[in-house]
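Chemist: Each protein sequence line maps, in turn, to chains A and B. All residue numbers for the first sequence refer to this note's numbering, where the first residue is 71 and numbers rise by one. All residue numbers for the second sequence refer to this note's numbering, where the first residue is 71 and numbers rise by one. Each residue gets a CB set at the ideal place from its N, CA and C atoms; glycine is no exception. Just dropping this structure here.
Protein chains: 2
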Amino acid sequence: MKNMLKKHKSSCLKTTTARKDSSKQILMAAENIFAERGYRGSTISAIADAVGLPKANILYYFKTKEKLYKEVIKHLLTLWMQHMNEMTPEIHPRDALPKYIMNKVRQSQKHPNASRIFAAEVLHGAKYLRQSLQAELREQFEGTSIVFRAWQNKGWIDPINPEHLIFMLWSSTQAYADHELQISILMGKEQLEEDDFSEGIKLITQVILKGIGVK
Amino acid sequence: MKNMLKKHKSSCLKTTTARKDSSKQILMAAENIFAERGYRGSTISAIADAVGLPKANILYYFKTKEKLYKEVIKHLLTLWMQHMNEMTPEIHPRDALPKYIMNKVRQSQKHPNASRIFAAEVLHGAKYLRQSLQAELREQFEGTSIVFRAWQNKGWIDPINPEHLIFMLWSSTQAYADHELQISILMGKEQLEEDDFSEGIKLITQVILKGIGVK
DNA sequence: GTCTATAAGCTGATAGAC
DNA sequence: GTCTATCAGCTTATAGAC
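Printed below as a string of structure tokens:
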């Protein structure tokens, strides 16, 4: 487990499997390691081993560990926010909200690392997030608040606090990635199954829609 | 900031302020450091400095860093679960749920560290939690599921999935501690104010009660 | 019980051969 | 561009004086 197979020295320009750019492979491996162990718990060696490269190569592509981490975060935030734009003032919440909730939970299912790294970052002060991406996140947040307010004005939903509704949506959907382990322990399973995700989607949709008075 | 004042050598048996047991002081300091920096990011030196003691003393009281962490976790889980017991099959959800939601958010407000350490632990695989406390957590979880099922049978709430409702309650209330920083950034504040907590309580209560059909 | 000094090991990062 | 070797610094934990 410690000494990995050292692949191709200088003798490879086109290996059998389509050779992806090392940079991309490193990013993918880093995403996994960071998600599992957190920033400080992750070591450059571990990432190097996962890709099958020497440590020095990682630092050749990404000058420092911190810069590598920022690159990972940047990519993940895009994923994390992508479905929010699909809610607009024109679309009725009875259509828009179930779709958003489904997409968000499904994303937690498919890309749990994205959600986990993001959650860990927030949990420990959003240090890197704040520097570079605060603006984009906030813009998204305010855009969605405006959508919810528009729905209220049209009488499509009850008068509720739009900002806090966003928090409730985020936290309840994201839980299926962040707390997957907690949930699976409590449900007595090794890991969450398809049914658990679809049950979660069903419950959240049911409670939110009825709870804010969508007819 | 680095060299702290070295207090009392051998010349103190009863100092001015009531001298708490070092052990307790260490636990409190450790709670803060672990919450801010995570397990791996926290160093024994940092904890020692926070209490004003040399590193060796921390390891005198708690044999290893890991054992100290486990002690902290153990204490926090008690806090984290304490309000769930107050929901029983006899009490109507219109009284029990608002009270639980309020207590849970208020606890996030008063003891954000408890929630944060707990969340970080879960996020990174619940390694320590699983070893020692899985049983207690699960017992609590199953107890509450039974309560929700009883409410359903009495027709007090809609037929919903009790387990997933618990997740929704946990995640939406805990967000006010876990994501305090995210929330305050998005709301354009340095930190959350009293109004934000009470608005959050109001919204969650409103949406959950109406959402599961409590009359 | 409390402290100083130090061991033993791992980490991020660099230098320099190929 | 890719790799090996190594440095300098920090970490947990221990040994042993007081």
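Measure from the C-beta of B/N155 to each C-beta in chain A and report whether the shortest distance is under 8 Å.
Modeler: Answer no: the Cβ-Cβ gap between B/N155 and chain A never drops below 8 Å.
Chemist: For A/A118 and B/I114, I'd like the C-alpha separation in whole angstroms.
Modeler: Going by the C-alpha atoms only, they are around 28 Å apart.
Chemist: Note down, in chain order, each residue of its chain lying with its Cβ closer than 8 Å to the Cβ of B/L366, except the 5 sequence neighbours on either side.
Modeler: There is simply no residue 366 of chain B to check, as chain B begins at 71 and stops at 285 in what is shown.
Chemist: Please list, in chain order, the chain A residues whose beta carbon lies closer than 8 Å to that of B/I216.
Modeler: Per Cβ cutoff of 8 Å: no residues; B/I216 is ~14 Å from chain A at best.
Chemist: In this structure, does DSSP put A/K280 in helix, strand or coil?
Modeler: A/K280: helix per DSSP, three-state reduction.
Chemist: Output yes if chain A places a C-beta closer than 8 Å to the C-beta of B/I171; else output no.
Modeler: So no, B/I171 is outside the interface.
Chemist: Tell me whether A/S242 is buried or exposed, calling it buried when 16 or more other Cβ atoms sit within 10 Å of its Cβ.
Modeler: Label assigned to A/S242: buried.
Chemist: Interface residues of chain A around B/M238 at Cβ under 7 Å?
Modeler: Those within 7 Å of B/M238 in chain A are S242, L273, I274 and V277.
Chemist: Can we say the stretch 216-228 of chain B touches the stretch 157-170 of chain B, given the rule of at least three CB pairs closer than 8 Å?
Modeler: Output reads yes: the stretch 157-170 of chain B touches the stretch 216-228 of chain B.
Chemist: Quick check: what's the CA-CA separation for B/L239 versus A/I236?
Modeler: Approximately 15 Å between the Cα atoms of the pair.
Chemist: Would you tell me roughly how many angstroms separate the C-alpha atoms of A/K169 and A/Q95, rounded to the nearest one?
Modeler: Approximately 32 Å, taken between the alpha carbons.
Chemist: What residue from B/E141, B/L251 and B/E269 has the CA that sits closest to A/A190's CA?
Modeler: Closest option to A/A190, Cα to Cα, is B/L251.
Chemist: Using the Cβ count rule (16 or more neighbours within 10 Å means buried), how would you classify B/K174?
Modeler: Result: buried.
Chemist: Helix, strand or coil: which one does DSSP assign to B/K133?
Modeler: The answer is coil: DSSP assigns B/K133 none of H, G, I, E or B.
Chemist: Taking only beta-carbon positions, decide if B/M257 is within less than 8 Å of chain A.
Modeler: Yes - at least one Cβ of chain A is within 8 Å of the one on B/M257.
Chemist: Can you give me, in chain order, the residues of the stretch 162-195 of chain A that have a beta carbon less than 8 Å from any beta carbon in chain B?
Modeler: Answer in chain order: R186, A189, A190, V192, L193, H194 and G195.
Chemist: In whole angstroms, what is the alpha-carbon distance linking B/I255 and A/K125?
Modeler: Distance between the alpha carbons of B/I255 and A/K125: 36 Å.
Chemist: Given a threshold of 16 other Cβ atoms within 10 Å of its Cβ, counted over all protein chains shown, does A/P232 qualify as buried or as exposed?
Modeler: The residue is buried, with at least 16 neighbouring Cβ atoms inside 10 Å.
Chemist: Taking only beta-carbon positions, decide if B/H145 is within less than 8 Å of chain A.
Modeler: No - not a single Cβ of chain A is within 8 Å of the one on B/H145.
Chemist: Using 8 Å as the threshold, is the C-beta distance between B/W226 and B/V284 below it?
Modeler: The answer is yes: Cβ separation under 8 Å.
Chemist: Tell me whether B/E212 sits in a helix, a strand or coil according to DSSP, three-state version.
Modeler: In the structure shown, B/E212 sits in a helix (DSSP, three-state: H, G or I).
Chemist: Classify B/Y139 as buried or exposed, calling it buried when 16 or more other Cβ atoms lie within 10 Å of its own Cβ.
Modeler: Flag for B/Y139 reads buried.
Chemist: Would you mind giving the Cβ-Cβ distance between B/R203 and B/K144, rounded to the nearest angstrom? I have them listed as a contact below 8 Å.
Modeler: It should be pointed out that residue 203 of chain B corresponds to Leu in this sequence rather than to Arg. That belief holds up - the Cβ atoms of B/L203 and B/K144 are roughly 7 Å apart, short of 8 Å.
Chemist: Does any residue of chain A bring its CB to less than 8 Å from the CB of B/R208?
Modeler: Chain A contact via Cβ: present.
Chemist: Roughly how many angstroms lie between the CA atoms of B/A205 and B/L199, to the nearest whole one?
Modeler: Roughly 10 Å between the two C-alpha positions.
Chemist: With 16 as the cutoff for other CB atoms within 10 Å, does B/Q152 come out buried or exposed?
Modeler: Its Cβ having fewer than 16 others within 10 Å, B/Q152 is exposed.
Chemist: Given a limit of 8 Å on CB to CB distance, which residues of the stretch 118-142 of chain B reach chain A?
Modeler: Here the close residues number zero.
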